[in-house]
Amino acid sequence: LSQTKQQNPIQKALINGKNRQDPYDPFPWYKKMRTESPIHYDEDSKVWSVFRYDDVKRVISDKDFFSNQFPQLGTGNTFAKTMISMDPPKHTRIRSIVNKAFTPRVMKEWEPRIRELTNELLADVRGREEIDLVQDFSYPLPVIVISELLGVPSVYKHHFKEWSDLLVSLPKSDRPEDVNEWKNIRDQGEEELTAFFEKMIEEKRQNLGNDLISLLIKAEQEGDKLSPDELVPFCNLLLMAGNETT
């Protein structure tokens, strides 16, 4: 529903403090929009926003009229090539292959290692008089786990965290100069991460292991496998989505 590279109205409201009660609590604003402008077009960002449940349900379920594609990304953007930007049958195909690498058995096998990583982070803060639970534990844990699952060498994990944070970042404001500066930095980081994954996938093809990238390389559905151009965006997406949502 968006048509440019600007933030959507919700992001802008949070950045600019339009939600005067609490910039980190958008729900009063959501309620206001459901009542006053349930289907809203923002002229500045050229974005449509839908706020009522039935309308949202229609948008996400009517594949004939609405699309998952993000025109504002352009065809060259990595995330324009991921599952979240695809409609059936492309989305269905990619998901059916990817699911082969995310079985309950595979995830269960990773549980002991994830516990080890968790304990290592806790050990780092043991003995301190004061800790920041989010900054010292909750914030770094998801990317550490994801990088481990993907088989990223430990020497690159610091860069991995920087790339991940960059992918989910927002501009300082909606001023054009701030948006352009953010976009340039973010694009550079995305290019570096893409090049990293391309090299890593090629190396994994020569030496398959039990990491997720190896499993994704081996995964197939009725003989159909992911191409390198499909693997790289999915790895980027996994890093971004896992870090941000967790």
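For the sequence shown, the residue numbers in the numbering used here are 1 to 246. Each residue gets a CB set at the ideal place from its N, CA and C atoms; glycine is no exception. Only a predicted model underlies this, so the values are computations on that prediction, with no experimental measurement involved.
Check, Outcome
"E198 vs I94 beta-carbon contact at 8 Å", "no"
"Beta-carbon gap between F51 and P38 smaller than 8 Å", "yes"
"Distance between beta carbons of L150 and L212, contact taken as under 8 Å", "5 Å"
"Classification of P88 by the beta-carbon crowding that lies within 10 angstroms, buried from 16 upward", "exposed"
"When N68, Y53, T92, T82 are compared against L239, the one with the closest alpha-carbon", "T82"
"Sequence-distant residues of its chain with Cβ nearer than 7 Å to G273 (five each side left out)", "The chain is shown only over 1 to 246; residue 273 falls outside these bounds and no answer can be derived."
"Paired residues, beta bridge with W48 - DSSP", "Y41"
"The ligand ZN heavy atom lying under 7 Å from the CB of G223", "The ligand ZN is not among the ligands present in this structure, which contains no ligands whatsoever."
"Paired residues, beta bridge with G206 - DSSP", "Checking the displayed sequence, the identity of residue 206 turns out to be Gln instead of Gly. Its beta-bridge partners do not exist; DSSP assigns none."
"Rounded Cβ spacing between Q221 and K100 (contact assumed at less than 8 Å)", "7 Å"
"E54 (DSSP reduced to helix, strand or coil)", "Reading the sequence as shown, one finds Asp at residue 54 and not Glu. D54 falls in the helix class under three-state DSSP."
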